[in-house]
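One structure below.
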Amino acid sequence: MNHKQISIQKVLHQYKLFYKNIGGGIDGYYEKVIVEADVYEIKKGSSLGCFTIHETRGLTSLIVYPKFKHMYDEIFNYVIALPMVHTVLFTETDKDFMDCVIKHKFKYEVQSLNFLIDKRIVSDLEMVSVLQENHQELRSEFGDFIDYNEIDLTKTQAFYYKENGIYICFGALEPMILSENRFCISMIVNEAYRNQQYGTKTIEFLIHYLQKHHCEANARCYVENEVSRKTLIKSGMTRSNYLFKIDNL
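Heads up: the sequence shown at position 15 corresponds to 188 in our numbering, and the numbers run straight through without jumps.
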(Lines of atoms letter the chains of each structure in order from A and count residues from 1; the text may use other names and numbers.)
(Lines give C-alpha, C1' and ligand atoms only; values in the text may rest on other atoms or scores of the structure.)
Protein backbone atom coordinates (compact mmCIF):
# COMPACT_ATOMS: atom_id res chain seq x y z
CA MET A 1 0.00 0.00 0.00
CA ASN A 2 1.28 3.49 -0.81
CA HIS A 3 0.08 7.07 -1.13
CA LYS A 4 0.76 10.12 -3.26
CA GLN A 5 -0.29 13.75 -3.10
CA ILE A 6 -3.05 14.84 -5.48
CA SER A 7 -5.31 17.83 -6.07
CA ILE A 8 -8.53 18.17 -4.06
CA GLN A 9 -10.29 18.73 -7.39
CA LYS A 10 -9.52 15.16 -8.40
CA VAL A 11 -11.54 13.75 -5.49
CA LEU A 12 -13.94 16.60 -4.73
CA HIS A 13 -16.90 14.57 -6.02
CA GLN A 14 -15.95 11.70 -3.71
CA TYR A 15 -15.83 14.06 -0.73
CA LYS A 16 -19.23 15.56 -1.51
CA LEU A 17 -20.75 12.10 -1.90
CA PHE A 18 -19.11 10.81 1.29
CA TYR A 19 -20.35 13.63 3.54
CA LYS A 20 -23.79 13.47 1.97
CA ASN A 21 -23.98 9.74 2.74
CA ILE A 22 -23.00 10.20 6.39
CA GLY A 23 -25.35 13.13 6.91
CA GLY A 24 -22.80 15.92 6.80
CA GLY A 25 -21.38 16.17 10.28
CA ILE A 26 -18.93 18.97 9.52
CA ASP A 27 -19.10 22.74 9.89
CA GLY A 28 -17.44 25.58 8.00
CA TYR A 29 -14.22 25.41 10.02
CA TYR A 30 -13.89 21.64 9.72
CA GLU A 31 -14.57 21.88 6.00
CA LYS A 32 -11.73 24.39 5.62
CA VAL A 33 -9.21 22.05 7.27
CA ILE A 34 -10.21 19.43 4.71
CA VAL A 35 -10.33 21.41 1.46
CA GLU A 36 -7.30 23.56 2.38
CA ALA A 37 -5.22 20.56 3.48
CA ASP A 38 -2.84 18.40 1.47
CA VAL A 39 -4.78 15.58 -0.20
CA TYR A 40 -3.35 12.10 -0.69
CA GLU A 41 -4.57 9.17 -2.74
CA ILE A 42 -4.18 5.67 -1.24
CA LYS A 43 -3.26 2.97 -3.72
CA LYS A 44 -2.70 -0.76 -3.77
CA GLY A 45 -2.91 -1.44 -7.45
CA SER A 46 -6.25 0.39 -7.63
CA SER A 47 -7.11 3.65 -5.94
CA LEU A 48 -8.58 2.66 -2.54
CA GLY A 49 -9.47 6.06 -1.13
CA CYS A 50 -7.97 9.35 0.00
CA PHE A 51 -7.10 11.35 3.09
CA THR A 52 -6.16 14.90 4.04
CA ILE A 53 -3.35 16.23 6.21
CA HIS A 54 -3.73 19.78 7.50
CA GLU A 55 -0.68 21.78 8.55
CA THR A 56 -1.88 22.24 12.15
CA ARG A 57 -4.86 19.90 12.57
CA GLY A 58 -3.19 16.78 11.23
CA LEU A 59 -5.38 14.04 9.75
CA THR A 60 -8.72 15.67 8.98
CA SER A 61 -10.38 13.07 6.75
CA LEU A 62 -10.16 9.51 5.53
CA ILE A 63 -12.39 8.24 2.75
CA VAL A 64 -12.36 4.60 1.69
CA TYR A 65 -14.21 4.03 -1.56
CA PRO A 66 -17.30 1.76 -1.28
CA LYS A 67 -15.73 -1.00 -3.40
CA PHE A 68 -12.96 -1.37 -0.80
CA LYS A 69 -14.96 -1.04 2.42
CA HIS A 70 -13.86 -4.54 3.41
CA MET A 71 -10.30 -3.14 3.63
CA TYR A 72 -11.22 -0.22 5.91
CA ASP A 73 -9.29 -1.45 8.96
CA GLU A 74 -6.18 -2.16 6.90
CA ILE A 75 -6.32 1.26 5.24
CA PHE A 76 -6.94 3.01 8.57
CA ASN A 77 -3.95 1.24 10.12
CA TYR A 78 -1.75 2.30 7.19
CA VAL A 79 -2.77 5.97 7.35
CA ILE A 80 -2.74 6.35 11.14
CA ALA A 81 0.83 4.95 11.27
CA LEU A 82 2.23 7.50 8.80
CA PRO A 83 4.90 9.77 10.37
CA MET A 84 2.99 12.86 9.22
CA VAL A 85 -0.03 11.96 11.38
CA HIS A 86 0.37 13.44 14.87
CA THR A 87 -3.12 14.79 15.54
CA VAL A 88 -6.57 13.92 14.24
CA LEU A 89 -9.86 15.75 13.78
CA PHE A 90 -12.95 13.67 13.00
CA THR A 91 -16.72 13.70 13.18
CA GLU A 92 -19.04 11.50 15.20
CA THR A 93 -21.04 10.75 12.05
CA ASP A 94 -18.07 8.93 10.48
CA LYS A 95 -18.93 5.60 12.12
CA ASP A 96 -16.19 3.55 10.41
CA PHE A 97 -13.48 5.94 11.57
CA MET A 98 -14.99 6.10 15.05
CA ASP A 99 -15.02 2.30 15.30
CA CYS A 100 -11.33 2.14 14.43
CA VAL A 101 -10.45 4.82 16.97
CA ILE A 102 -12.23 2.79 19.65
CA LYS A 103 -10.54 -0.46 18.54
CA HIS A 104 -7.13 1.20 18.88
CA LYS A 105 -8.14 2.66 22.25
CA PHE A 106 -7.00 6.10 21.17
CA LYS A 107 -7.74 8.81 23.70
CA TYR A 108 -10.06 11.36 22.11
CA GLU A 109 -12.06 14.31 23.36
CA VAL A 110 -14.78 16.61 22.16
CA GLN A 111 -13.54 19.72 20.39
CA SER A 112 -16.80 21.25 19.24
CA LEU A 113 -20.49 20.73 18.61
CA ASN A 114 -22.17 20.81 15.22
CA PHE A 115 -25.72 22.18 14.88
CA LEU A 116 -28.46 21.94 12.24
CA ILE A 117 -32.03 23.19 12.01
CA ASP A 118 -35.03 20.96 11.30
CA LYS A 119 -37.95 23.39 11.63
CA ARG A 120 -39.13 26.65 10.15
CA ILE A 121 -37.89 29.81 11.84
CA VAL A 122 -39.50 33.25 11.77
CA SER A 123 -37.48 36.38 12.51
CA ASP A 124 -38.63 39.81 13.62
CA LEU A 125 -35.17 41.39 13.46
CA GLU A 126 -34.58 43.55 10.39
CA MET A 127 -30.91 43.16 9.57
CA VAL A 128 -29.33 44.95 6.60
CA SER A 129 -26.96 43.54 3.98
CA VAL A 130 -23.36 44.65 4.41
CA LEU A 131 -22.12 46.98 1.68
CA GLN A 132 -18.59 48.13 0.94
CA GLU A 133 -19.32 51.43 2.66
CA ASN A 134 -19.89 49.51 5.93
CA HIS A 135 -16.62 47.58 5.87
CA GLN A 136 -14.43 50.02 7.75
CA GLU A 137 -16.97 50.65 10.53
CA LEU A 138 -17.71 46.94 10.91
CA ARG A 139 -14.03 46.13 11.14
CA SER A 140 -13.66 48.84 13.75
CA GLU A 141 -16.43 47.27 15.84
CA PHE A 142 -16.03 43.54 15.11
CA GLY A 143 -12.56 43.29 13.54
CA ASP A 144 -11.20 40.61 15.89
CA PHE A 145 -14.22 38.39 15.22
CA ILE A 146 -14.04 38.94 11.46
CA ASP A 147 -10.31 38.14 11.37
CA TYR A 148 -10.57 35.09 13.67
CA ASN A 149 -13.31 33.59 11.49
CA GLU A 150 -11.49 34.59 8.28
CA ILE A 151 -14.58 36.38 6.96
CA ASP A 152 -13.89 38.17 3.69
CA LEU A 153 -16.41 41.02 3.66
CA THR A 154 -15.90 41.46 -0.07
CA LYS A 155 -17.04 37.90 -0.82
CA THR A 156 -19.15 36.69 2.10
CA GLN A 157 -22.85 37.46 2.42
CA ALA A 158 -23.16 39.32 5.70
CA PHE A 159 -25.69 41.43 7.62
CA TYR A 160 -25.78 43.94 10.45
CA TYR A 161 -28.30 45.56 12.75
CA LYS A 162 -27.83 49.16 13.82
CA GLU A 163 -29.60 51.44 16.30
CA ASN A 164 -28.93 55.13 16.78
CA GLY A 165 -25.78 54.88 14.68
CA ILE A 166 -24.39 51.97 16.72
CA TYR A 167 -23.68 48.53 15.26
CA ILE A 168 -25.50 46.13 17.58
CA CYS A 169 -24.88 42.79 15.90
CA PHE A 170 -23.28 41.23 12.86
CA GLY A 171 -23.89 37.91 11.10
CA ALA A 172 -22.30 36.09 8.17
CA LEU A 173 -23.21 33.20 5.88
CA GLU A 174 -20.33 31.03 4.67
CA PRO A 175 -21.23 28.78 1.70
CA MET A 176 -20.14 25.20 2.26
CA ILE A 177 -18.30 23.36 -0.48
CA LEU A 178 -18.77 19.73 0.56
CA SER A 179 -22.41 20.11 1.57
CA GLU A 180 -24.12 21.84 -1.32
CA ASN A 181 -26.90 24.35 -0.65
CA ARG A 182 -25.81 24.63 3.00
CA PHE A 183 -24.30 27.65 4.74
CA CYS A 184 -22.40 27.84 8.01
CA ILE A 185 -23.61 30.78 10.08
CA SER A 186 -21.60 32.94 12.45
CA MET A 187 -22.52 35.99 14.45
CA ILE A 188 -21.38 38.41 17.13
CA VAL A 189 -23.12 40.98 19.31
CA ASN A 190 -21.67 44.31 20.46
CA GLU A 191 -20.42 43.66 24.00
CA ALA A 192 -22.52 46.51 25.40
CA TYR A 193 -25.72 44.89 24.09
CA ARG A 194 -25.22 41.29 25.16
CA ASN A 195 -27.76 39.42 27.31
CA GLN A 196 -30.55 41.27 25.51
CA GLN A 197 -31.56 38.48 23.10
CA TYR A 198 -29.69 39.98 20.14
CA GLY A 199 -27.61 36.82 19.70
CA THR A 200 -30.71 34.66 19.44
CA LYS A 201 -32.42 37.13 17.13
CA THR A 202 -29.37 37.34 14.85
CA ILE A 203 -29.24 33.56 14.43
CA GLU A 204 -32.99 33.46 13.82
CA PHE A 205 -32.61 36.10 11.12
CA LEU A 206 -29.81 34.18 9.39
CA ILE A 207 -31.75 30.90 9.49
CA HIS A 208 -34.93 32.59 8.28
CA TYR A 209 -33.00 34.23 5.43
CA LEU A 210 -31.55 30.88 4.33
CA GLN A 211 -34.86 29.07 4.57
CA LYS A 212 -36.52 31.80 2.54
CA HIS A 213 -33.95 31.10 -0.19
CA HIS A 214 -34.38 27.30 0.12
CA CYS A 215 -30.99 26.75 1.74
CA GLU A 216 -29.91 24.85 4.86
CA ALA A 217 -28.19 26.27 7.93
CA ASN A 218 -25.27 24.86 9.88
CA ALA A 219 -23.47 26.21 12.96
CA ARG A 220 -20.83 25.19 15.48
CA CYS A 221 -19.49 26.10 18.88
CA TYR A 222 -16.58 24.91 20.99
CA VAL A 223 -17.50 22.48 23.73
CA GLU A 224 -16.54 24.93 26.49
CA ASN A 225 -18.61 27.77 25.01
CA GLU A 226 -21.80 27.24 26.99
CA VAL A 227 -23.19 30.66 26.08
CA SER A 228 -23.04 29.94 22.35
CA ARG A 229 -24.49 26.46 22.82
CA LYS A 230 -27.49 27.82 24.71
CA THR A 231 -27.98 30.62 22.18
CA LEU A 232 -27.96 28.20 19.24
CA ILE A 233 -30.48 25.93 20.95
CA LYS A 234 -32.68 28.86 21.93
CA SER A 235 -32.64 29.94 18.27
CA GLY A 236 -34.19 26.60 17.29
CA MET A 237 -31.08 24.66 16.29
CA THR A 238 -30.31 21.17 17.53
CA ARG A 239 -26.97 19.47 18.06
CA SER A 240 -26.44 17.03 15.22
CA ASN A 241 -23.08 15.59 16.26
CA TYR A 242 -19.82 16.07 18.08
CA LEU A 243 -16.49 16.86 16.47
CA PHE A 244 -13.66 14.97 18.15
CA LYS A 245 -9.92 15.47 18.29
CA ILE A 246 -6.94 13.29 19.11
CA ASP A 247 -3.77 15.05 20.21
CA ASN A 248 -0.26 13.59 20.30
CA LEU A 249 -0.73 10.16 18.72
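For each residue, glycine too, the CB sits at the ideal point set by N, CA and C.
With DSSP as the reference, identify every bridge partner of residue i, one or two as the case may be.
i	result
Leu-298	DSSP lists no partner for Leu-298.
Asn-414	Asn-287
Lys-177	Glu-214
Looking at residue i: is its Cβ nearer than 7 Å to the Cβ of residue j?
i	j	result
Cys-394	Leu-232	no
Ser-234	Ile-215	no
Leu-351	Lys-205	no
Met-174	Lys-217	yes
Phe-356	Gly-344	no
Phe-249	Ile-419	no
Leu-416	His-259	no
Gln-187	Ile-253	no
Leu-346	Gln-330	yes
Apart from the five residues on each side of it in sequence, which residues of its chain come closer than 6 Å, Cβ to Cβ, to residue i?
i	result
Leu-405	Phe-288, Ala-392
Tyr-238	Gly-222
Less than 6 Å between the CB of residue i and some heavy atom of the ligand ADP, yes or no?
i	result
Ser-352	This structure does not include the ligand ADP; it has no bound ligands of any sort.
Under 8 Å Cβ to Cβ from residue i, same chain only, skipping five residues before and after it: list those, please.
i	result
Lys-335	Val-301, Ile-341
Tyr-213	His-176, Lys-177, Gln-178, Ile-179, Cys-223, Phe-224, Thr-225, Ile-226
Would you mind sorting residue i into buried or exposed? The rule is 16 or more other CB atoms within 10 Å of its CB.
i	result
Ile-275	exposed
Gln-284	buried
Leu-304	exposed
Arg-230	buried
Ile-339	exposed
Leu-255	exposed
Glu-257	According to the sequence as given, residue 257 is Met; it is not Glu. With fewer than 16 other Cβ atoms within 10 Å, it is exposed.
Apart from the five residues just before and just after residue i, which ones in its own chain have a Cβ nearer than 7 Å to its Cβ?
i	result
Val-396	Val-283, Gln-284, Ser-285, Leu-286
Ile-195	Thr-266, Asp-267
Does the beta carbon of residue i come closer than 7 Å to any beta carbon on chain C?
i	result
Glu-228	Among the chains of the structure shown, chain C does not appear; only one protein chain is present.
Exercise for the section: For the region 326 to 339 and the region 285 to 295, state whether three or more C-beta atom pairs, one from each stretch, are separated by less than 8 Å. Expected result: no
Handout entry: Cβ contact check for the region 214 to 230 and the region 177 to 190: 3 or more pairs under 8 Å
Key = yes
Exercise for the section: Examine the Cβ distances between the region 377 to 389 and the region 352 to 365 and report whether three or more of them are shorter than 8 Å. Expected result: yes
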